[in-house]
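Colleague: Before I ask anything, let me first share the structure, which is written out below as structure tokens.
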């Protein structure tokens, strides 16, 4: 056997006794020489002939046996470590790792300079992906204040410094097997590497070793970033981006002068970050272990999975990069050798030196782009968007490096692709940020002067967005490489999906469409796929864009489609129905699908993309689809693509049919051809759907879930026209699929039941409602959160249906009602995503309870628990949950049989609502609380006089606090909040007893002014409404202040909903006035009552 020599030598070495003495060391020396020479002869040992257990045993035994050996013998063992560790990768155990680290660190403290590199290389290999396995002593030896890594990090020898930098990157590398090391240690390594990188900027040298170290440092930072997420909060993104973008121009013409200028303005590290870093050197005083094996949470938005094994392999390879000939290393597992001029990778000629410099600086730029991409991935959105202008500036200049400038200047496809991916990392998820910024810019441009002394931040962001669009569009026009064009179009599509074009006030979509359509016929499948996606995006983003509509609806491809001339921008209009000929785009898509259905000559991914494009066209412009087109689509989908072996094609064919169902459900289609949708569904229920669900082999999970979503779009008007067997089929399929073990299927099925339960024809089917209830409750206890989320939504819909149709009074079993109440309470107290629908279900269910159910002992405890769940969510839930909880109270209070006012939980519930009304930061929650409190129509429901007056006083305070605005985003809800709070106060006055009024008068003096102001505002709104009903009236009516009209511009018309709201306010005012007039009989002073009565006096 070829490798019998090394294996035999390993076995002999493992038999050496410990503790050792001179004779043992001599034997060990001979054995190690044999291993090194034999591995050199065979180039490298065969991994298949050496078990990992034998390697681990050999390394562990060597650390013990050679502990007190000479430094030369230790260096030979380090050479063997360097041979075997790349074969073992990260499979060594915790004990072996710590033994190696201790052995190497002790050796490095007494090693001669000529042998240091062998030990440092072995240390870098040992630490690759094993940081989480290191014990406290090992961490201190490496990263303590006098740690070995810091000792050699500042060495003038570039090779030793390079190995130290690699150690910092490798120790933080995440391993799929053991996870990642403790956050504070990662932060220490990252901070040190950032400092090292900053030092390189200030070093005035052109030596190649200097550039090599920069490249190694960038790679080490990438390794650290690959193992962390935004939740770790250690990136320092603003400083890191400003620092890193300097390296984007390395090697470009005139870069040295630009770097010299930029480094003068480079900010220092934040003092807080420096203080934190200095405090995290690991010491023995720590009570907790310095390691953790816990894997950080995955990112919420969609990312490609990282191949950790590849990262580990790259780390091993990078350690060996320093062995390239010319720096004294040979690539055959051998020790360091003295380089000669003939062996060196550098030539004495200037041309060779120039080529070396160009090569290393291009690598720096490439790794800098990769590092920036990782930083943008790891930082939170706020920090990422704070770096927007540093990455995508508002003006392009060679004096200010940026990703966009580098992308336009680079000439290699690899570098341009990397820069594009980094730009896309910034753009992804930026729609909310850009929408907010453009809104601010539009406001600023309307109120600020043109000669302002500075350019607002929002204006700069908008300018950068225009610049990015213009440069990418220009680049696509001139790009000759189809491979690069495909990537640029992907970037452009992502930019389109995140840009609010309606607010941007510039029509890029039509220009983009004209630009990409010529590539639709490309022979390169990936480019064609990107173009189809881009076309679909341009249609769906702004369906009412007339320019886009004109392009896609033409009978033939517009003659000027390749023209880059910008058209005049005019107002967007709603497209009209196409009359002359069929649209070229629909014709083209149908031709492709027809060819693909016959001989399958087209790539499957293109077929899937064309189906998706037709789905978008059907959703946004159904008027372009003739009956003939729709019949062809149904034929292709139900007879060919729905049953395709390709999961993507089958899934999107079903989604196209689902979109067609929505089309038949639309009001326009029902008016034009009411029987068309019914015919379609009868055909599907009797053919395609049962064939798909019963076909062999079993269809993919994704496809079955899509069928459930499809069935949920039948619509009430079509469902009630289906024959009884057809209705039974739909119900049976959905009920049955909720039992599926696959969470995706059961979630889709239970959601479909939640939609179907609200159909009018279901009212008479008590047993289906009972079966649906049992299915929903069962899935509410599913282990999958996604299933519980859909089940809770369906549960809320079910309870709404029950309340709406009085179902509890029919044949609904009381045991099931009790289960409903208990499971709704459980959902309300569960996951924060489930709880909003849980409290919504409680509100709807208790609204349906009658006096009989409230009076039964077995429901008393359940009602109390459900009310307690609502109270808890009002106080501590997420904002969406708190809003739903307050709204649920409104439903409960509307039930005249509810024992509110007499139950022992009354005071606690009022306290929670009043707390939300007065203190919640979210004004919509406050409004919901005010509406709930004003839903009680009887004085007795507010409890005794102390509780009633507590409600009155806290509401007054809440009205006062509504003037305090801490979050400007809530300003738009301020007026509504004050109006609803005032309505609540008027409602309380209208029901107050004479005794209540006396207490109210004593407590209202402090807040009297704010109450009167808001009463007058309400009165003014009512009188404005009256003016609109009486056009001849031109002056304000009696009782309304002229100043009160400020902020209430008179409109030409008022919605019916607004009229009803004002009529309700008027009713409250009239009742309050009557009640106050009656109270005069017992109030001797009458001051407060007279003032308030005057304020709410209405003209008869």
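Numbering (our numbering), first residue to last: 2 to 1101.
Every residue gets a Cβ at the ideal spot worked out from N, C-alpha and C, and that includes glycine.
(1) Which residue marks the beginning of the alpha helix (DSSP H) containing residue 170, and which one marks its end?
(2) In whole angstroms, give me the CA-to-CA distance for residue 106 and residue 743.
(3) What's the call for residue 551, buried or exposed, on a 16-neighbour Cβ count within 10 Å?
(4) Could you please give me the residues that DSSP links to residue 180 through a beta bridge?
(5) Let's see if you can read the secondary structure: which residues bound the alpha helix (DSSP H) around residue 955?
(6) Is the beta carbon of residue 887 closer than 8 Å to that of residue 929?
(7) Whole angstroms is fine: what's the gap from residue 746's alpha carbon to residue 756's?
(8) What are the boundary residues of the alpha helix (DSSP H) that residue 937 is part of?
(9) Helix, strand or coil: which one does DSSP assign to residue 726?
(10) Under 8 Å by Cβ, that's how I've got residue 36 and residue 56 pegged, so tell me the actual separation to the nearest angstrom.
(11) Among 472, 401 and 639, which one has its Cα closest to the Cα of residue 262?
(12) Output needed for residue 940: all residues of its chain with C-beta closer than 7 Å, excluding positions within five of it in sequence on either side, in chain order.
(13) Only counting the same chain, and skipping five residues up and downstream in sequence, which positions put a Cβ closer than 8 Å to that of residue 365?
(14) Enumerated in chain order, which unbroken segments of the alpha helix (DSSP H) with a length of 4 residues or greater are wholly contained in the stretch 826–912?
(15) How many angstroms separate the CA atom of residue 692 from the CA atom of residue 686?
(16) Applying the criterion that 16 or more other CB atoms from any shown protein chain within 10 Å of the CB defines a buried residue, is residue 530 buried or exposed?
(17) Out of curiosity, what's the CA-to-CA distance linking residue 54 and residue 157?
(18) In three-state terms, what does DSSP make of residue 718?
(19) Does the stretch 128–143 come close enough to the stretch 164–180 to have 3 or more Cβ pairs within less than 8 Å?
(20) Within the same chain, show all residues whose beta-carbon is closer than 6 Å to that of residue 847, passing over the 5 residues directly before and after it, in chain order.
(21) Based on Cα-Cα distance, which residue from 598, 990, 719 and 626 lies nearest to residue 586?
(22) In whole angstroms, give me the CA-to-CA distance for residue 1071 and residue 934.
(23) Whole angstroms are fine: how far does the CA of residue 89 sit from the CA of residue 404?
(24) Figure out for me which residue from 371, 705, 79 and 548 has the closest Cα to the Cα of residue 737.
(25) So residue 553 packs on residue 516, CB below 8 Å; how close in whole Å?
(26) How many Å lie between residue 885 and residue 416 at the Cα?
(27) By DSSP, does residue 1032 sit in helix, in strand, or in coil?
(28) Tell me which same chain residues have a C-beta within less than 8 Å of the C-beta of residue 721, skipping the five on either side of it?
(29) Alpha carbon to alpha carbon, what distance is there between residue 389 and residue 357?
(30) How should residue 815 be labelled, buried or exposed, when 16 other C-beta atoms within 10 angstroms of its C-beta is the threshold for buried?
(31) I'd like the list of long-range same chain contacts for residue 874, defined as Cβ closer than 7 Å, with 5 residues on each side in sequence excluded.
(32) For the alpha helix (DSSP H) that residue 106 lies in, which residues bound it at each end?
(33) Assuming residue 261 is part of the alpha helix (DSSP H), what are its boundary residues?
(34) Below 8 Å between beta carbons: does that hold for residue 845 and residue 789?
(35) Would you mind reading off the limits of the alpha helix (DSSP H) that contains residue 628?
(36) Starting from the C-beta of residue 792, find all residues in its chain whose C-beta is less than 6 Å away, skip the five residues before and the five after it, and write them out in chain order.
Modeller: Result, derived from the coordinates:
(1) 159–172
(2) 52 Å
(3) exposed
(4) 176
(5) 946–962
(6) yes
(7) 16 Å
(8) Neither: residue 937 is in no alpha helix (DSSP H) and is coded neither H nor E.
(9) helix
(10) About 12 Å; that fails the 8 Å criterion.
(11) 401
(12) 992 and 994
(13) 212, 215, 216, 219, 248, 251 and 252
(14) 836–849, 852–856, 858–877 and 880–895
(15) 9 Å
(16) buried
(17) 39 Å
(18) helix
(19) yes
(20) 893
(21) 626
(22) 19 Å
(23) 39 Å
(24) 705
(25) About 14 Å separates the two Cβ atoms, so there is no contact after all.
(26) 51 Å
(27) Low confidence applies to residue 1032: its pLDDT is 47, below 50, so where it sits in the model is not reliable enough to give any reading.
(28) 760, 761 and 762
(29) 34 Å
(30) exposed
(31) 829, 836, 840, 882, 883 and 886
(32) 95–109
(33) 256–263
(34) no
(35) 628–640
(36) 751, 777, 780 and 781
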